[in-house]
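Peer 1:
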């Protein structure tokens, strides 16, 4: 289940100002603290810094397992450019979250038991896990905004595909 079910896409923030590359240092430890994870549940998938032109990119993923059937993923992707002299620059930040429930059944009888169990009992638990996951998701976004000193009216949030001329990363 997508954590932004009505929107059905990811959260995109645009930032222009001082020190956008600070996110390369703070995202991973902050996600670890916010989601109360140990290191094996975190991945720094990509971290690039070009010392000639100041361009940078970072990609991180976090995994939280709640129980036997349900787990959560959050992916953060940051890219931009920071001037090497003035430290001014810009960045684009994408944050995506999922709550996934999986149950493997081997025959129709198990499937029937699972649907009954899910309907009568597990849906309430899953709703609580969804709310907790959504809270983690928005706390990660708030952490990014806080580290960049972004005020709510300074953010540009889009929920679709990039417009013409805009690059998808």
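Residue numbers (the numbering used here): 3 to 171. Ideal Cβ positions, reconstructed from N, Cα and C, are used throughout, including at glycine.
1. I'd like the span of the alpha helix (DSSP H) that includes residue 135, first residue to last.
2. Using 8 Å as the cut-off, can you tell me whether the stretch 121-133 makes contact with the stretch 46-57, which would need three or more C-beta pairs spanning the two stretches below that distance?
3. Would you kindly report the start and end of the unbroken beta strand (DSSP E) that includes residue 45?
4. Going along the chain, which residues of its own chain have a beta-carbon closer than 8 Å to the beta-carbon of residue 85, five neighbours each way excluded?
5. Output yes or no for whether 9 Å exceeds the beta carbon distance between residue 65 and residue 39.
6. Leaving out five residues on either side along the sequence, give the residues of the same chain with a beta carbon under 7 Å from the beta carbon of residue 103.
7. Find out if the Cβ-Cβ distance for the pair residue 36, residue 141 is shorter than 9 Å.
8. Any idea what DSSP makes of residue 100, helix, strand or coil?
9. Quick check on this structure: which residue in 69, 81, 114 has the alpha carbon closest to the alpha carbon of residue 52?
10. Return the first residue and the last residue of the beta strand (DSSP E) that residue 64 is part of.
11. Pick out the complete beta strand (DSSP E) segments inside the stretch 71-95, 3 residues or longer, and give them in chain order.
12. Are the beta-carbon atoms of residue 107 and residue 116 separated by less than 9 Å?
13. Does DSSP put residue 168 in a helix, a strand or coil?
14. Which residues does DSSP pair with residue 16 in a beta bridge?
15. Taking buried to mean at least 16 other C-beta atoms within 10 Å of its own C-beta, is residue 150 buried or exposed?
Peer 2: The structure says:
1. Residues 125-149.
2. As far as the Cβ criterion goes, the stretch 121-133 does not touch the stretch 46-57, which means the pair count is below three.
3. Residue 45: member of the beta strand (DSSP E) spanning 44-51, first to last residue.
4. Here the set comprises 56, 91.
5. Yes, these two residues count as a Cβ contact at 9 Å.
6. Here the set comprises 71, 72, 128.
7. Closer than 9 Å, so yes.
8. Of the three classes helix, strand and coil, the one that applies to residue 100 here is strand, per DSSP.
9. Closest option to residue 52, Cα to Cα, is 81.
10. Run containing residue 64: 57-67, per the beta strand (DSSP E) assignment.
11. Qualifying beta strand (DSSP E) stretches, in chain order: 72-84.
12. Going by C-beta atoms, residue 107 is nearer than 9 Å to residue 116.
13. With a pLDDT of 42 at residue 168, under the threshold of 50, the modelled position of this residue cannot be trusted, and the question is left open.
14. Residue 16 is bridged by DSSP to 94.
15. It is buried - the Cβ of residue 150 has at least 16 other Cβ atoms within 10 Å.
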